[in-house]
Amino acid sequence: MAASGADPQLAELGAALLSRADELADTMLALLRRDVGFHRTVALVTDDQLRGTIRAHLDFILGVFGAPERDYDTAAAAATGRSRAAAGVPLPAVMDSYRLCARFLWDELRQEARRATTVTDGGLVRASSAMWLALEEFTTAMVSGYQEEMARQLVDRQQERSAMVQALIDGRLVDTVDLWNTADTLRISLQGPYTVVCAELSSVGRSVLPGIENRLAARGISSAWRLQPDIEIGILHLGPNKTTDLVIEELSKHTATRIGISPPIADLGQTAGALRYARIAMTASRPEHGSITVFDRDVMAITAVAAPEVMGRVAANVLGPLDELPEHEREALLDTLEAWFDQGGSAERAAQELYVHPNTVRQRLRKIEQRTGRSVSEPRAAAELCIALETTRRAARPDR
């Protein structure tokens, strides 16, 4: 019986088709299994589930014909989207199913209109408009539900991967089976080598390497990341022909933070130790001299920060005599010593870097030698001066 204010021709068509709802649902189910490739070859959704979804949609869409003013209740469509996403049905397969059923229902609607002598061409137009509008609402709700479930799954996967990374850096996974399962979850190879990256955060819990996993993947390097309150940690699979230099090239795009890279490791069970090295390398990084430090490539910097308390004492013993000078003069001497080391012991190149005459560089070096009692031309003394300088420079920017 048509609701008050309902179009009698639409109500008649809706009632006629609803009386055949079971028959229509069975036919639609057969069409889906025959014509939609995914449902023809994969049985992630059972016949009962498909039929139940079809029947719920028919009841709603055809019910609109008898009560056109009622609000669309798209909960069933949204639930279908969520359940199909949860079952692993690709969205294109779901959309194909909706399109196939829509065409079938439109054909049935036209045929029913021809059989019903009281339905005019205008009535058929109104019925088709109501049907397509309802289908559009249902399809939109289904897609929204599907995307909602996919977003939830993505968050779950990210949380699971993050937890796996945490277990590796904590050293809690040592069994081969556990490591294999972890590598599978992280989508990285169980065969090394790997390296660990540690990046300092500029604010608590906010990534300084956004999108880094995708960018590394584009270079053929798979990785998994974990964000902690003060650092961002990455486990990178280098694989064949993938070098640390390739990693540095990508990370160098993030020069606003200090980054440390561990030595290569052979298996994931060594991740915890590699993180310690990566964190030391990060601490050794100085933004004004390049933000990335590779543990194996900067011995002096690593030595300077590996034992801060001990090295602080060493630096004070070596360079302490310079503290008696005025601050600006002390800094000029340290800048000169640093430039001289950076330029391979060349007074001329150091002078170019500092915009002074080479003789000025030589005079300052002699003053350092006189004050510290260590000659820059004597290898052991030069090494002591270099380590003390590295330590002093880093003491000016304590690790957070």
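Each residue of the sequence shown is one higher than the one before, counting from 1 in UniProt numbering. The C-beta atom is built at its ideal place from N, Cα and C for all residues, glycine as well.
Under the three-state reduction of DSSP output, Ile-280 falls in the helix class. With respect to the 8 Å criterion, Leu-13 and Glu-137 are not classified as neighbours on the basis of their beta carbons. Spatial neighbours of Leu-29 in its own chain (CB-CB distance under 7 Å, excluding positions within 5 residues in sequence) are listed in chain order as Asp-47, Leu-50, Arg-51 and Ile-54.
According to the DSSP assignment, Val-197 belongs to the beta strand (DSSP E) that extends over 194-200. Per DSSP, Ser-223 lies in no alpha helix (DSSP H) segment; the continuous beta strand (DSSP E) that holds it begins and ends at 222-227. In the three-state DSSP reduction, Val-294 falls in the strand class (E or B). The beta carbons of Ile-259 and Thr-195 sit about 12 Å from each other, so the pair does not count as a contact at 8 Å. Comparing alpha carbon positions, the residue from Asn-241, Ala-199 and Thr-283 closest to Arg-226 is Ala-199. In the three-state scheme derived from DSSP, where H, G and I count as helix and E and B as strand, Glu-149 is classed as helix.
When C-beta atoms of the region 269-277 are compared with those of the region 238-255, fewer than three pairs fall below 8 Å, so the two segments do not count as touching. Taking the Cβ atoms as the reference, Leu-32 lies roughly 6 Å from Ser-97, within the contact range of under 8 Å. Close CB contacts of Thr-80 within its chain, under the 6 Å cut and outside five residues either way in sequence, are with Thr-53 and Met-142 (chain order). Under the three-pair Cβ rule at 8 Å, the region 370-379 counts as touching the region 316-333.
Residue pairing by DSSP puts Glu-232 in a beta bridge opposite Ala-199 and Leu-227. Residue state for Gly-14 is assigned as helix, using DSSP reduced to three classes. Counting other Cβ atoms within 10 Å of its Cβ, Gln-9 reaches 16 or more and is therefore classed as buried. By alpha-carbon distance to Arg-330, the top candidate from Thr-257, Arg-393, Trp-132 and Arg-157 is Arg-393. If you draw a straight line from the Cα of Thr-118 to the Cα of Asp-22, it comes to about 24 Å. Beta-bridge analysis with DSSP links His-237 to Tyr-194 and Ser-222.
In chain order, Gly-260, Phe-295, Ile-302, Val-305 and Ala-306 place their CB closer than 8 Å to the CB of Ile-280, counting only its own chain and leaving out the 5 sequence neighbours on each side.
If you ignore the 5 residues before and after Cys-101, its C-beta comes within less than 8 Å of the C-beta of Met-28, Leu-31, Leu-32, Ile-54 and His-57, all in its own chain and listed in chain order. Excluding the 5 residues flanking it on each side, Ala-86 has same chain C-beta neighbours closer than 6 Å at Glu-149, in chain order. Counting of Cβ neighbours within 10 angstroms places Gly-211 among the exposed residues, the total staying below 16.
By the neighbour-count definition (other C-beta atoms within 10 Å, threshold 16), Ala-134 is a buried residue.
Across the structure, Arg-114 and Thr-120 are spaced so that their CA atoms are roughly 9 Å apart.
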